[in-house]
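J.: Sharing a structure below in structure tokens format, with a few things to ask.
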Amino acid sequence: MSDHAVASSKPAVHFEPDDQVERLKTEILRKLTYSLGKNPSVAQPHDWLTAGILAARDHAIDVWQGTTKESYATGRKRVYYLSLEFLIGRSLAETLNNLGLTGAMAQAMRELGVDLDRIETIEPDAALGNGGLGRLAACYMEAMATTGVPALGYGIRYDHGLFKQRIDGGKQIEVPEDWLSFRNPWEFERREASYRIGFGGSVTGTTTPGEVFWAPEETVFAVAYDTPIVGWRGRDATTLRLWRARAMHPLSLDAFNQGDIIGAVAERNRAEAISKVLYPNDSTPAGQELRLRQEFFFTSASLQDLVRRHYRQFGTLENLSDKVSIQLNDTHPSLAVAELMRLLIDQHKMEWEAAWAITSATISYTNHTLLPEALETWPVALMERLLPRHMQIIFGINARFLNDVRRDNPEADLATLSLIDESHGRRVRMAHLAFVGSHKVNGVSALHSSLMKETVFAPLHAVFPDRITNVTNGITERRWLFSANPGLTSLLQETCGDAVTDDIGLIRRLGAHAGDTGLHDRLRAIRRANKERLAKVIRQDCGVTVDPNALFDVQIKRIHEYKRQLLNILETIALYDAIRSEPYRDWAPRVKIFAGKAASNYATAKSIINLINDVAAVVNNDITTRDRLKVVFLPNYNVSLAETIIPAADLSEQISTAGMEASGTGNMKFALNGAVTIGTLDGANIEIGERVGEENIVIFGMTAEQVEAAKRNPRPTADVIRDAPHLEGVLDAVAGGAYSPGERGRYAGLVDGLRANDWFMVLNDFESYRQAQRRIDGLWADPATWWRMSVTNTAHCAWFSADRAIREYAERIWNVPLKPAAQL
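Numbered per this note's numbering, the sequence shown spans residues 2 to 825.
Listed below in structure tokens is the structure:
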């Protein structure tokens, strides 16, 4: 078994009553006996894990039900968070931590002959997301529970998630993720909460509200599965409600009896495919249709559910926007605008104007990208075939919107404002639909929100100048510091006070000790222990032995050209060449650590993974570089692996092309744990730099404005390469097969693409990045300076807490009154 969580998951905080251990032992044994039917003498590790989860879940349920009762009794406004991803990772350690049961559970298990740390590592990561979008949603669910915001998160219960990544011969291999093979003991199936989701068919009737009838050609069931998410100190909980697709008729008995075994289950297979995998390959028409079916499936189920819940409690929908806030996490749930209109008009017989006022006052939208290709659009023909009633409503929204614009501004460019892009075969602009149908639209960093106004949403911003706002992303310190880095947490409690675990703002007190060499020594020992744990994972998963004394230089995130793993590995080659050319120099020893998945149909990203592994094969076997340079690519990046890597990192690579990374959250996690950032002036890097001080972050490369100017007037590639003396040799070596001797032309296309169109400024930023890395060498060689920078980063990152972000959403966007501190 590959257990990435070699590091202990025990937090530094325990607050259990004295009798908790005996109570937990009794609960665990009862679960083992009566829920699993196992005698302790024959129970396997997975049985003990499940019994422990069920015991912890009972405590979570107490909190959960109390929160639900209080929410209904007070009629407080509730947030419904719609996201196609919730990357929650493993749940046992976090739940025990937030309930204050970790110490008692560890002791109870120990007295039963079980090692809690060990069984925690066999809990599978919930395969419900891919990257930052899903991890942000998971952090926000926990932060809403911690801050007392009544909330439900809505998503899809994927059978297999994205995929499990293997590296074979340096190449990414995708295999199904089997996280549900032993079921999910955290969840509750809610068969009573199931809804019909229609596709295709025809629309008849008049335009009178309540007299338009959509007769779907196909109908599937959405069945709810609920998981409680407990906040810090177990004072409140939120609900994660995920939808599973089921066929109306799981078996055609006629077809089966006639010998058509495959046809007998065809309807079931088609329906259940909706919730099989995250992000099906949409490079084919069938894959594109499945992607759209997924998005409408979970959006429609969620809207039907929240409308039903609201109507059951209040008996009217007239006050929906007063009691409900719907947050769209990126463009995937944009169909919520049309679906809520359909429910209000067709099922509840509201007039259009009243329904639109409620819809736009209830929905808000978070944008996560400025990349045009990531702003979803759907062919009108596909929408009309699959969702004919919704296409009618979108046309109606668009006509009224454009008429209002034309009335107020006859000179407006309606083509750029329209929800329908007529220039590329008529496509529905989903981001435009979300923007027009929301009362607030937020970016996720100060730069990103500013660029939204100037680039992709500039025409809409001119019409709605007060709609765009900013809420910079945040992370939950409970998971990414207290649980992931218990050694550092203990030191923070000692230095900043025990209350730091309840008020992360107190972490600023650490800054007064930034120059304390005694503190540096203790931090170095904590980091060293974390690095030793990571080194074990690297040896186990990659077969490479690394030196914990070396600088651990880390870039972990999904593989994409704009995130520029390619820039990193090209500079690594330049460093490798320099070490070989001047072996007598006192080079700072480095371990270059990569991890991340490439989308299955993203050929360039998969080629970059292959190149990283090919470079690693050469570098790691060269006696010239010995322990001065190692390169590793850790497979199957997930939350649990990140929890082991981040506390061990010395250098955080945040090197996206300026203007393309909306915010980032990995940059916050690394900085909070004391890693020094090397990065561009992009996303939240800017805000990190403002808080930690420019002398404690290493910035390089072009600004967003310079990137845009370079795209408008690109420099000749020959000039760019000439001004970077080490670059041409690196490109020639890669293109010529120096790192792929068995296939000399393997990377010729990758290099030719860079030379032809350096869209992501890899070549343009290469020399600046290389020089920044040499500055890093100098800083690492000066321990007093390095650890002062590390301490300062940790001390000034409290602002990036998800709790702060949720409070801003509550106050600026949702209009949800927060509980007084005394009630939390």
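Every residue, glycine too, gets a C-beta built ideally from N, C-alpha and C.
Excluding the five sequence neighbours on either side, which residues of its own chain have a C-beta within less than 6 Å of the C-beta of Asp4, listed in chain order?
T.: Locating residue 4 in the sequence shown gives position 3, where the first residue counts as 1. Reliability of the predicted coordinates at Asp4 is poor, the pLDDT of 41 falling under 50, and the value obtained from them is presented with this limitation in mind. Same-chain partners within the cutoff: Thr122.
J.: Indicate whether Ala61 and Leu88 have their beta-carbon atoms separated by less than 9 Å.
T.: Here residue 61 is taken as the residue at index 60 of the sequence shown, counted from 1. Here residue 88 is taken as the residue at index 87 of the sequence shown, counted from 1. Taking 9 Å as the Cβ cut-off, Ala61 and Leu88 do not qualify as a contacting pair.
J.: Which residue marks the beginning of the alpha helix (DSSP H) containing Phe436, and which one marks its end?
T.: As a first step, residue 436 is located in the sequence shown; it is residue number 435 there, counting from the start. Phe436 -> alpha helix (DSSP H) spans Met431 to Val437.
J.: What residues match up with Gly199 in a beta bridge as DSSP calls it?
T.: For the purposes of this step, residue 199 is taken as the residue at position 198 of the sequence shown. DSSP output for Gly199 lists Thr220 as bridge partner(s).
J.: According to DSSP, simplified to helix, strand and coil, what is Cys112?
T.: Position 111 of the sequence shown holds residue 112. Here the sequence assigns Glu to residue 112, which means Cys is not the residue at that position. DSSP places Glu112 in helix when its eight states are reduced to three.
J.: Just verifying my parser: in three-state terms, what is the DSSP assignment at Glu662?
T.: Here residue 662 corresponds to residue number 661 of the sequence shown, with the count starting at 1. Glu662: coil per DSSP, three-state reduction.
J.: Identify whether Asp720 lies in helix, strand or coil by the three-state DSSP scheme.
T.: For this step, residue 720 is matched to residue 719 along the sequence shown. In the structure shown, Asp720 sits in a helix (DSSP, three-state: H, G or I).
J.: So what does DSSP say about Glu124, is it helix, strand or coil?
T.: Taking the sequence shown and counting its residues from 1, one reaches residue 124 at position 123. Residue state, collapsed to three classes: coil.
J.: If you draw a straight line from the alpha carbon of Gly690 to that of Met790, how long is it in whole angstroms?
T.: As a position in the sequence shown, residue 690 is number 689, starting the count at 1. As a position in the sequence shown, residue 790 is number 789, starting the count at 1. Taking the straight line from one Cα to the other gives about 12 Å.
J.: Does the contact criterion of 3 or more C-beta pairs under 8 Å hold for the segment 524 to 535 versus the segment 636 to 652?
T.: yes
J.: For Pro389, collect the residues of the same chain with a Cβ closer than 6 Å to its Cβ; drop the 5 residues on either side in sequence, then sort them by chain order.
T.: For this step, residue 389 is matched to residue 388 along the sequence shown. Once the five neighbours on either side are set aside, the close Cβ partners of Pro389 are Val204.
J.: Any chance you could list the alpha helix (DSSP H) runs of at least 4 consecutive residues sitting entirely within the segment 760 to 803, in chain order?
T.: 763 to 781 and 784 to 796
J.: Do you know how far the Cα of Ile570 is from the Cα of Leu630?
T.: Along the sequence shown, one-based indexing puts residue 630 at 629. Along the sequence shown, one-based indexing puts residue 570 at 569. The straight-line gap from Cα to Cα measures roughly 12 Å.
J.: Would you call the segment 103 to 111 in contact with the segment 46 to 60, where contact means no fewer than 3 C-beta pairs closer than 8 Å?
T.: These segments touch.
J.: Would you list the residues sitting across from Arg191 in a DSSP beta bridge?
T.: Residue mapping note: residue 191 aligns to position 190 of the sequence shown, counting from 1. Beta-bridge pairing links Arg191 to Ala225.
J.: Quick check on this structure: which residue in Leu243, His433 and Gly667 has the alpha carbon closest to the alpha carbon of Gly132?
T.: For this step, residue 132 is matched to residue 131 along the sequence shown. It is Gly667 whose Cα lies nearest to the Cα of Gly132.
J.: Can you tell which of His333, Thr360 and Glu319 has the C-alpha that lies nearest to the C-alpha of Ile327?
T.: Position 326 of the sequence shown, counted from the first residue, corresponds to residue 327. Checked all of His333, Thr360 and Glu319; the closest Cα to Ile327 is Thr360.
J.: Go ahead and pull the three-state DSSP assignment for Lys11.
T.: Sequence index remark: in the sequence shown, residue 11 carries index 10 (1-based). Low per-residue confidence applies at Lys11: pLDDT is 42, beneath 50, and the placement is therefore not dependable enough to give any value.
J.: Nearest-angstrom Cα distance between Phe553 and Leu520?
T.: Residue 553 sits at position 552 when you count from the first residue of the sequence shown. Residue 520 sits at position 519 when you count from the first residue of the sequence shown. Distance between the alpha carbons of Phe553 and Leu520 is about 20 Å.
J.: If you drop the 5 nearest sequence neighbours on each side, which residues of the same chain put their C-beta closer than 8 Å to that of Asp59?
T.: Within the sequence shown, residue 59 is the residue found at index 58, counting from 1. Once the five neighbours on either side are set aside, the close Cβ partners of Asp59 are Glu28.
J.: Would you mind working out which of Phe465, Glu95 and Gly684 sits nearest Leu371, comparing C-alpha positions?
T.: If you number the sequence shown from 1, residue 371 lands on position 370. The option with the nearest alpha carbon to Leu371 is Gly684.
J.: Leaving out the 5 sequence neighbours to the left and right, which residues in its chain are closer than 8 Å to Ala676 when beta-carbon positions are compared?
T.: Within the sequence shown, numbered from 1, the residue matching residue 676 stands at position 675. Within the same chain, Ala676 has close Cβ partners Val555, Ile647, Ala650, Asp651, Leu652, Ser653, Ser791 and Asn794.
J.: Between which two residues does the alpha helix (DSSP H) containing Leu181 stretch?
T.: As a working note, residue 181 is residue 180 in the sequence shown. No alpha helix (DSSP H) holds Leu181; DSSP gives it neither H nor E.
J.: Alpha carbon to alpha carbon, how far is Gly660 from Ala711? Give it in angstroms, no decimals.
T.: In the sequence shown, the residue the question calls residue 711 occupies position 710. In the sequence shown, the residue the question calls residue 660 occupies position 659. For Ala711 and Gly660, the gap between their C-alpha atoms comes out near 13 Å.
J.: In chain order, what residues of the same chain have a beta carbon less than 8 Å from the beta carbon of Gln707, not counting five sequence neighbours either side?
T.: Locating residue 707 in the sequence shown gives position 706, counting from the first residue. Answer for Gln707: Ala659, listed in chain order.
J.: Going by DSSP, what residue range makes up the alpha helix (DSSP H) through Tyr577?
T.: The residue labelled residue 577 in the question sits at position 576 within the sequence shown. Run containing Tyr577: Gln566 to Ser582, per the alpha helix (DSSP H) assignment.
J.: Given a cut-off of 9 Å, decide if Glu296 and Ser335 are closer than it, judged by their beta-carbon atoms.
T.: As a first step, residue 335 must be located in the sequence shown, where it is residue number 334. As a first step, residue 296 must be located in the sequence shown, where it is residue number 295. The answer is yes: Cβ separation under 9 Å.
J.: What residues in its chain sit with their C-beta under 6 Å from that of Trp588, if we drop five residues either side in the sequence?
T.: The residue given as residue 588 occupies position 587 in the sequence shown. Once the five neighbours on either side are set aside, the close Cβ partners of Trp588 are Ile580 and Arg629.
J.: Cβ of Leu93 within 8 Å of any heavy atom in the ligand ADP?
T.: Ligands in the displayed structure: none, and consequently the ligand ADP is not present.
J.: Taking only runs of the beta strand (DSSP E) that begin and end inside the segment 673 to 747, which ones reach a length of at least 3 residues, in chain order?
T.: For the segment 673 to 747, whole beta strand (DSSP E) runs of length 3 or above, ordered along the chain, are 677 to 680.
J.: With three or more beta-carbon pairs closer than 8 Å as the criterion, would you say the segment 488 to 504 touches the segment 450 to 465?
T.: Segments in contact, no.
J.: Determine the burial state of Gln173: buried for a count of at least 16 other Cβ atoms within 10 Å of its Cβ, exposed for fewer.
T.: Here residue 173 corresponds to residue number 172 of the sequence shown, with the count starting at 1. Its Cβ being crowded by 16 or more others within 10 Å, Gln173 is buried.
J.: From Glu17 to Phe402, what does the alpha carbon distance come to, in whole angstroms?
T.: Residue numbering aside, residue 17 sits at position 16 when the sequence shown is read from its first letter. Residue numbering aside, residue 402 sits at position 401 when the sequence shown is read from its first letter. Per-residue confidence for Glu17 stands at a pLDDT of 48, beneath the threshold of 50, marking its modelled position as unreliable; the derived number appears in the next sentence. In this structure, the CA atom of Glu17 is about 57 Å from the CA atom of Phe402.
J.: Under the DSSP definition of a beta bridge, which residues are partnered with Lys277?
T.: On the sequence shown, residue 277 is found 276 positions in, with the first residue counted as 1. DSSP output for Lys277 lists no bridge partner at all.
J.: DSSP on Asp628, reduced to helix/strand/coil?
T.: As a first step, residue 628 must be located in the sequence shown, where it is residue number 627. The answer is helix: DSSP assigns Asp628 an H, G or I state.
J.: Can you tell me where the alpha helix (DSSP H) holding Trp65 begins and where it ends?
T.: Residue 65 sits at position 64 when you count from the first residue of the sequence shown. First-last of the alpha helix (DSSP H) with Trp65: Pro46 to Thr75.
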